[in-house]
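Student: The sequence shown begins at 1 in UniProt numbering and counts up by one. Pasting a structure here, questions to come.
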Amino acid sequence: MSAIPVYTAVAISISPWVLKCIDKRRRAFLWKGTDSVSGGHCVLGWPKVCRPPDLGGLGIPDLQIQGYALRMRWLWAKRTDPNRPWSALHDRAESIVLDMFNASISIQIGNGQRSYFWTDRWIQGRSIKDLAPALLAAVHPRAQRQRTVAEGLSNRAWVRDITGALTVQHPIPGAKLLRKTKAPGHCKFFVWLVLHDRCWTAARRKRYNLQDDDSCGACFQLSETISHILVGCVYAREVWSNLLRRWNWLRLAAGLSTHLEFTDWRSWSRKQVHGDDRKAFDTLLVLVVWLLWKERNNSIFQNSNMLASDLVLRIIEEGKAWAYAGFRHLQKFFPDALSLRSQNLLHVIA
Numbered sequence: 001m002s003a004i005p006v007y008t009a010v011a012i013s014i015s016p017w018v019l020k021c022i023d024k025r026r027r028a029f030l031w032k033g034t035d036s037v038s039g040g041h042c043v044l045g046w047p048k049v050c051r052p053p054d055l056g057g058l059g060i061p062d063l064q065i066q067g068y069a070l071r072m073r074w075l076w077a078k079r080t081d082p083n084r085p086w087s088a089l090h091d092r093a094e095s096i097v098l099d100m101f102n103a104s105i106s107i108q109i110g111n112g113q114r115s116y117f118w119t120d121r122w123i124q125g126r127s128i129k130d131l132a133p134a135l136l137a138a139v140h141p142r143a144q145r146q147r148t149v150a151e152g153l154s155n156r157a158w159v160r161d162i163t164g165a166l167t168v169q170h171p172i173p174g175a176k177l178l179r180k181t182k183a184p185g186h187c188k189f190f191v192w193l194v195l196h197d198r199c200w201t202a203a204r205r206k207r208y209n210l211q212d213d214d215s216c217g218a219c220f221q222l223s224e225t226i227s228h229i230l231v232g233c234v235y236a237r238e239v240w241s242n243l244l245r246r247w248n249w250l251r252l253a254a255g256l257s258t259h260l261e262f263t264d265w266r267s268w269s270r271k272q273v274h275g276d277d278r279k280a281f282d283t284l285l286v287l288v289v290w291l292l293w294k295e296r297n298n299s300i301f302q303n304s305n306m307l308a309s310d311l312v313l314r315i316i317e318e319g320k321a322w323a324y325a326g327f328r329h330l331q332k333f334f335p336d337a338l339s340l341r342s343q344n345l346l347h348v349i350a
C-alpha cells in the first residue's frame, strides 16, 4: 500500500484525508492484519514506526514527506536539465517543497542564467530572503520566481522589482516630454506603453509562460525586448543609421548598441540635438519607433519581411504625410511635403 500512491504523489499533492485513510489501512495491516484496527492495538505511535531503522523505526515511508521528496525531484531536474520538454510549463510549486529544495542545495554562480536572484542562496551561501526579508516582501511574487541573477544584475533590473511596500513613486523617464510631443494620438499611446514596458514582445510572452523561445525574429541572436526591437536589433540600427544620415544627425547613430535601453538612447540623443530641432526630434522618434513596431508585427503575424531600405522609404513617405497634415516643425526634414502642399494650394485657388 505504500507503493500505490507514489505515482500520484510525484505529480500532485495528495489530499490529507486520502493519506489519513491509507495510513489507517497500513496501521491495521501492521498491528492486526485486518482492514481496521482500534487504538488499543497500536502499541507504538505511527511517527515512530515510520522512522528509519537506524533511528528505531521500521522504515515505513511517511507518505506526506515522501511526496515532498518526490516533487522536489522536478525542481532539481528543471534546474539541471532545462531542455526537457516540460521544463517551460508553468508550475505552482508548494512553498514547503520549494523551501525544502532551497535548503538542500548550494549555489555556485557561473553565468547566472539558472540561479534566481531573490530566492536562491547565491550571496555567500545566503539568500536575500535570509539577509533582507522585509525587502523581499516588497517584490512581486512573479519577479521572485522568475528573475535570474544575470537579469537582476543587468542594468540594475532588481531595483525595478521592488514594489508594494515601497510607496515612493518615481517618474517615468520621458513621460512629460511625450505629453508635449506633436504626433498622432495612437502613436503617442504606443510610445507611452513602451516607456512602461508593457508591449507584448517575445521576452514578455516568455515571462508569462506563453511561449518557449524569446529570440528576436529579425536577428535571431538576442532576447526580443522592446528596447531591442526599437534600438538594439541590427535591423533597427540599420534603419536608424540611414534616417539619421538623411537628417544630418549621424552622430546619434554612434550611441546605438546591442544592449541599449530605449529610454537611455532617447535621453542621450535629445541632448545631442540642437535646441531648435528637439521638437522635431521628439516627433520623428515617435514616427520611427511606431513604424518599426508595425513592421515587427507584420513580420510575425503576416510573414511579410521588409528590407531595412524599404522601411526607410516608408518612414520618409509617412513623415511627408505628417508634415503635410500640419506638423510644420517637420517641414525642414521633409521639404517635398512643403512643395506638395503649395502645389495643391495653387491648384485649389486656380
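Cβ coordinates follow ideal geometry from the N, Cα and C atoms, glycine included.
(1) DSSP on serine 2, reduced to helix/strand/coil?
(2) When DSSP builds the beta bridges, which residues end up paired with arginine 126?
(3) So what does DSSP say about leucine 285, is it helix, strand or coil?
(4) Buried or exposed: tyrosine 235, going by 16 or more other Cβ atoms within 10 Å of its Cβ?
(5) Look at valine 289 and leucine 243 and say whether their C-beta atoms are less than 8 Å apart.
(6) Looking at proline 5 and leucine 63, is the spacing between their C-beta atoms short of 8 Å?
(7) Could you tell me the boundaries of the alpha helix (DSSP H) in which alanine 183 lies?
(8) Decide if glutamate 317 is buried, meaning its Cβ has at least 16 other Cβ atoms within 10 Å, or exposed.
(9) Output yes or no for whether 8 Å exceeds the beta carbon distance between isoleucine 107 and leucine 135.
(10) Have a look at residue 381 and alanine 280 and give me their C-alpha separation to the nearest angstrom.
(11) State yes or no: is the C-beta of cysteine 42 within less than 8 Å of the C-beta of arginine 27?
(12) Going by beta-carbon coordinates alone, are phenylalanine 333 and leucine 284 separated by less than 8 Å?
(13) According to the Cβ coordinates, are tryptophan 118 and arginine 147 closer than 8 Å?
(14) Is it the case that the segment 268–280 contacts the segment 246–255, given that we only count it when at least three CB pairs across the two stretches are under 8 Å?
(15) Starting from arginine 205, follow the alpha helix (DSSP H) in both directions and report where the run begins and ends.
(16) Which same chain residues end up closer than 7 Å to arginine 296 when comparing Cβ atoms and leaving out the 5 residues on each side of it in sequence?
(17) Just to confirm before moving on: does the CB-CB distance between alanine 77 and glycine 112 stay below 8 Å?
(18) According to DSSP, is isoleucine 22 helix, strand or coil?
(19) Within 10 angstroms of its Cβ, does serine 127 collect 16 or more other Cβ (buried), or is it exposed?
(20) Given a threshold of 16 other Cβ atoms within 10 Å of its Cβ, counted over all protein chains shown, does glycine 301 qualify as buried or as exposed?
(21) Tell me whether the beta-carbon of phenylalanine 262 lies closer than 8 Å to the beta-carbon of valine 231.
(22) Counting C-beta neighbours from all protein chains within 10 Å, is the total for valine 239 16 or more, i.e. buried, or is it exposed?
(23) If you follow the alpha helix (DSSP H) that leucine 98 is part of, which residue opens it and which one closes it?
(24) Specify the secondary structure class of valine 234 as computed by DSSP and reduced to three states.
(25) Between the beta-carbon of tryptophan 200 and the beta-carbon of leucine 178, is there less than 8 Å?
(26) Is threonine 34 helix, strand or coil when you go by DSSP?
(27) Which of the three DSSP states is assigned to tyrosine 7 in this structure?
(28) Can you check DSSP and say which residues form a bridge with isoleucine 162?
(29) Quick one: Cα of alanine 218 to Cα of cysteine 233, how far?
Tutor: With the given structure in hand:
(1) The sequence position of residue 2 within the sequence shown is 2, counting from 1. Coil at serine 2, not helix or strand.
(2) For the purposes of this step, residue 126 is taken as residue 126 along the sequence shown, with counting starting at 1. In the DSSP output, where bridge partners are listed per residue, arginine 126 has Ile123.
(3) Locating residue 285 in the sequence shown gives position 285, counting from the first residue. Correct three-state label for leucine 285: helix.
(4) Residue mapping note: residue 235 aligns to position 235 of the sequence shown, counting from 1. Under this definition tyrosine 235 is a buried residue.
(5) Along the sequence shown, read from residue 1 onward, the residue named residue 289 stands at position 289. Along the sequence shown, read from residue 1 onward, the residue named residue 243 stands at position 243. No. Outside cutoff.
(6) Counting from 1 along the sequence shown, the entry for residue 63 is found at position 63. Counting from 1 along the sequence shown, the entry for residue 5 is found at position 5. Yes, the Cβ-Cβ distance between leucine 63 and proline 5 is below 8 Å.
(7) One-based indexing of the sequence shown puts residue 183 at position 183. No alpha helix (DSSP H) contains alanine 183, which DSSP labels as neither H nor E.
(8) Translated into the one-based positions of the sequence shown, residue 317 becomes position 317. Classification for glutamate 317: exposed.
(9) The residue you call residue 107 lines up with position 107 of the sequence shown. The residue you call residue 135 lines up with position 135 of the sequence shown. Result no, Cβ atoms of isoleucine 107 and leucine 135 do not sit closer than 8 Å.
(10) Since the first residue of the chain shown is 1 and the last is 350, residue 381 is not available in this structure.
(11) Position 42 of the sequence shown, counted from the start, is the residue given in the question as residue 42. Position 27 of the sequence shown, counted from the start, is the residue given in the question as residue 27. Yes, the pair counts as a contact, with Cβ atoms nearer than the cut-off.
(12) What you label residue 333 is simply residue 333 of the sequence shown in a count that begins at 1. What you label residue 284 is simply residue 284 of the sequence shown in a count that begins at 1. Taking 8 Å as the Cβ cut-off, phenylalanine 333 and leucine 284 qualify as a contacting pair.
(13) On the sequence shown, position 118 is the one that residue 118 refers to. On the sequence shown, position 147 is the one that residue 147 refers to. A contact, by the Cβ cut-off of 8 Å.
(14) yes
(15) Your numbering for residue 205 matches position 205 in the sequence shown. Residues 202–207.
(16) Stepping through the sequence shown from its first residue, residue 296 is reached at position 296. So the qualifying residues of the chain are Ile229.
(17) Reading the sequence shown from its first residue, position 77 is the one you call residue 77. Reading the sequence shown from its first residue, position 112 is the one you call residue 112. For alanine 77 and glycine 112, no; Cβs fall outside 8 Å.
(18) Stepping through the sequence shown from its first residue, residue 22 is reached at position 22. Helix, per DSSP.
(19) If you number the sequence shown from 1, residue 127 lands on position 127. It is buried - the Cβ of serine 127 has at least 16 other Cβ atoms within 10 Å.
(20) Counting from one through the sequence shown, the residue named residue 301 turns up at place 301. It is worth fixing the name first, because residue 301 is phenylalanine in this sequence and not glycine. It counts as exposed.
(21) Within the sequence shown, residue 262 is the residue found at index 262, counting from 1. Within the sequence shown, residue 231 is the residue found at index 231, counting from 1. Against a cut-off of 8 Å, the Cβ pair of valine 231 and phenylalanine 262 comes out as a contact.
(22) Counted from its first residue, the sequence shown places residue 239 at position 239. It is buried - the Cβ of valine 239 has at least 16 other Cβ atoms within 10 Å.
(23) Position 98 of the sequence shown, counted from the first residue, corresponds to residue 98. Taken as a continuous stretch (DSSP letters only), the alpha helix (DSSP H) holding leucine 98 covers 95–104.
(24) Start at 1 with the first residue of the sequence shown, and residue 234 comes out as number 234. Correct three-state label for valine 234: helix.
(25) As a first step, residue 200 must be located in the sequence shown, where it is residue number 200. As a first step, residue 178 must be located in the sequence shown, where it is residue number 178. Not a contact, by the Cβ cut-off of 8 Å.
(26) Mapped onto the sequence shown, residue 34 falls at position 34. Here threonine 34 sits in coil by DSSP.
(27) Sequence index remark: in the sequence shown, residue 7 carries index 7 (1-based). Three-state DSSP puts tyrosine 7 in a helix.
(28) Taking the sequence shown and counting its residues from 1, one reaches residue 162 at position 162. Answer is Val139.
(29) The count along the sequence shown starts at 1 and reaches residue 218 at position 218. The count along the sequence shown starts at 1 and reaches residue 233 at position 233. Approximately 8 Å between the Cα atoms of the pair.
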